[in-house]
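What the first sequence shows, in our numbering, is residues 2 to 496, in sequence order.
Don't be surprised by glycine CBs; every beta carbon is placed ideally from N, CA and C.
Below is one structure, written out as structure tokens; the observations come after it.
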Amino acid sequence: MTQLFIYNTLSRQKEIFNPVKPGEVSMYVCGPTVYDYCHLGHARAAVSFDTVFRFLKYLGYQVTYVRNLTDVDDKIIKRSREEMPDYEHDPKEACRLLSEKYTHAFHEDMLALNLLAPTMEPRATEHIQEMIRMIEVLLKNGQAYNVGGNVYFDVSCFHEYGSLSGRNMEEMETHSRLEEDPDKKNPLDFALWKKSIPGEPFWEASFGNGRPGWHIECSAMSTKYLGDTFDLHGGGQDLIFPHHENEICQSRSFSGKRFAVYWMHNGMITIHREKMSKSLKNFKLLRELFIEFRPRIIKFYLLSTHYRSPLDFDPGLIAKAGEGLERIDNTLSRAKAFLLQKHGTSIVGEGEPDPEWVEALCDDFNTPKGLGAVFSSCTRLNTLLAQGVAPLEEIKNYFASILKMMSLLGLEAETDQIHTVLRSDFPSGFDAVMELLAAKKHDLADHEIHLLVAGRGLAKLRKDFKLADEIRNHLTLSGIELRDAAQAFYWKRNH
RNA sequence: GGCGCUGUACCCAAGUGGCUAGGGGGAAGUCUGCAAAACUUUUUACUCCGGUUCGAAUCCGGACAGCGCCUCCA
2 MTQLFIYNTL SRQKEIFNPV KPGEVSMYVC GPTVYDYCHL GHARAAVSFD
52 TVFRFLKYLG YQVTYVRNLT DVDDKIIKRS REEMPDYEHD PKEACRLLSE
102 KYTHAFHEDM LALNLLAPTM EPRATEHIQE MIRMIEVLLK NGQAYNVGGN
152 VYFDVSCFHE YGSLSGRNME EMETHSRLEE DPDKKNPLDF ALWKKSIPGE
202 PFWEASFGNG RPGWHIECSA MSTKYLGDTF DLHGGGQDLI FPHHENEICQ
252 SRSFSGKRFA VYWMHNGMIT IHREKMSKSL KNFKLLRELF IEFRPRIIKF
302 YLLSTHYRSP LDFDPGLIAK AGEGLERIDN TLSRAKAFLL QKHGTSIVGE
352 GEPDPEWVEA LCDDFNTPKG LGAVFSSCTR LNTLLAQGVA PLEEIKNYFA
402 SILKMMSLLG LEAETDQIHT VLRSDFPSGF DAVMELLAAK KHDLADHEIH
452 LLVAGRGLAK LRKDFKLADE IRNHLTLSGI ELRDAAQAFY WKRNH
């Protein structure tokens with residue numbers, strides 16, 4: 002097996018990946034705060050770690066992938082107040098319903114992008130007790146302190162503070178933009194628990210009623226499902242500080258053990274070179290984007306850049322990515338038609354990814370390079386297909402291999418979308434065809450399209466180009482794209 | 001102010017101390033009733049200035065430009 006290298010934010014270099022338990026991988030990724038629809042940036046994180054998940058499984062690891070949902074937080078409360086009419090009666094329930102709504106939307110978007118479901122998707126509100134226990138321990142250890150119901154972590158108790166983000170405490174103290182908080186011993190101390198505010202959801206705890214701070218949920222849930230020490234922790238680069246730094250701080254203080262071994266962070270999406278974010282209001286909602294582009298194209302676009310690099314959003318580039326994807330699909334359709342004709346079936350069994358592809362993915366999940374290998378395979382396959390006498394075995398192998406590489410990236414070829422009409426499959430006469438044309442019907446069923454395409458094939462054979470063009474024209478007006486090839490005719494619906 | 005990232009041909013984007021990345025676009029050709037697709041050739045680059053080296057776009061130093069984090073953020 003080729004050695005897998007992963008860039009670890011902790012060491013700022015690529016490291017050989019060795020899981021804590023041989024053959025098993027535990028990974029935790031910070032999921033969204035479900036108070037709104039998700040944008041391209043969320044998709045990038047999700048797609049990046051979906052790729053990691055898929056590739057680790059391909060390498061034979063048994064992977065436990067936990068991605069949380071943050072469903073308690075200031076933004077959720079604010080949004081619930083605005084959106085939920087019953088907020089005043091039952092704030093907690095209103096927040097629950099709101100986050101449920103956006104969780105559902107999130108899942109729809111992830112499904113559209115053909116992402117695998119994580120092994121577990123724990124919600125913060127369902128782990129309040131675990132958080133409370135953790136906070137109790139930190140209080141008992143003297144690593145946290147309670148000021149009138151607000152519980153803070155005392156960063157002076159954790160000497161490695163700053164190790165992930167490469168900061169030192171004095172610097173941060175002098176240049177921190179944090180507001181002076183008289184309750185805190187140190188401006189860098191962060192809230193583990195916020196005391197309850199009237200009219201807001203709260204939970205009971207031995208140290209006072211309230212709700213959890215942001216960071217504690219990830220520590221509590223990762224520990225619960227993956228143990229004190231686990232292999233991979235992922236998220237966006239913007240989470241390195243303070244979120245992940247604080248997670249390390251509280252988890253290591255709690256357990257006394259190593260926390261996550263490898264830290265992975267995906268790069269940001271920018272618009273006109275500026276970070277896409279809610280606060281700058283320059284974000285692009287996924288569901289808006291899906292109207293213009295098919296999700297598979299968006300995903301291909303995301304995978305065309307390495308996950309750690311910044312990616313500038315540009316609809317023109319997404320369209321270009323779509324053209325590249327089409328090239329792969331075209332190749333596969335040609336091969337499929339060839340196999341249908343020469344082999345009787347296009348089912349060819351499990352393929353092997355190109356070694357170059359494997360090598361690329363082993364190098365810190367280098368998907369752009371991996372896609373390069375896919376394209377190279379396509380060129381080779383096309384060349385074979387263009388030859389007069391094409392070797393069946395080789396074509397089968399390339400075909401299966403490309404299918405495999407694409408499906409391992411979650412970019413399953415849409416060969417089902419591209420329909421094939423073999424040249425041997427013509428009608429005996431034009432009666433049905435003429436009837437259909439005369440009906441001037443444009444919302445055509447698959448079998449009707451098949452008939453027209455086959456009828457056009459027959460017309461071509463009989464050199465009746467006038468009729469052939471008439472049929473093509475009708476299909477074009479019906480939103481059907483038609484392409485002639487040596488072995489067959491292909492058609493597909495545009496949208 | 002601190003920490004970090006980026007700067008590759010027309011555009012996007014990998015990579016690397018000497019060996020073709022790849023895609024899109026442009027140009028020419030092959031093929032072709034139409035429309036495409038596909039193939040071949042072409043368009044060969046590393047922000048700038050020093051240094052190390054037989055050799056650097058790749059390593060080191062410096063400059064310039066852009067970006068991110070240091071406040072919620074994927």
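Looking only at 26, 163 and 85, the smallest Cα-Cα distance to residue 10 is reached by 163. Residue burial annotation: residue 237 is buried, with at least 16 other C-beta atoms found within 10 angstroms of its C-beta. Taken through DSSP and simplified to helix, strand or coil, residue 215 comes out as coil. Annotation: the continuous beta strand (DSSP E) that includes residue 232 extends over 231-237.
Below 8 Å, enough C-beta pairs join the segment 11-28 and the segment 58-70 to call them touching: three or more. Residue 132 is classed as buried because its beta carbon has at least 16 other beta carbons within 10 Å across all chains shown. Here DSSP, grouped into helix, strand and coil, assigns residue 295 to coil. The three-state secondary structure of residue 431, taken from DSSP, is coil. One thing to note: residue 335 has its Cβ no nearer than 8 Å to the Cβ of residue 412. As the crow flies, the alpha-carbon of residue 287 is around 33 Å from that of residue 167. Here the segment 199-218 does not lie against the segment 106-120, with fewer than 3 beta-carbon pairs under 8 Å apart. Annotation note: the segment 245-319 contains the following uninterrupted alpha helix (DSSP H) runs of length 4 or greater, listed N- to C-terminal: 246-256, 287-293 and 296-304. In the DSSP assignment, the residues bridged to residue 494 are 481. Annotation: residue 293 to residue 320 spans about 10 Å, alpha carbon to alpha carbon.
The three-state secondary structure of residue 121, taken from DSSP, is strand. Residue 261 sits close to residue 231, with the two beta carbons spaced by under 8 Å. DSSP places residue 443 in the coil class of the three-state scheme, outside both helix and strand. Counting the other CB atoms within 10 Å of its CB gives residue 90 a total below 16, which places it among the exposed residues. The Cβ-Cβ distance between residue 491 and residue 420 falls below 8 Å.
Of the candidates 4, 42 and 34, the residue whose Cα lies closest to the Cα of residue 300 is 42. The bridge partners DSSP lists for residue 448 come to none.
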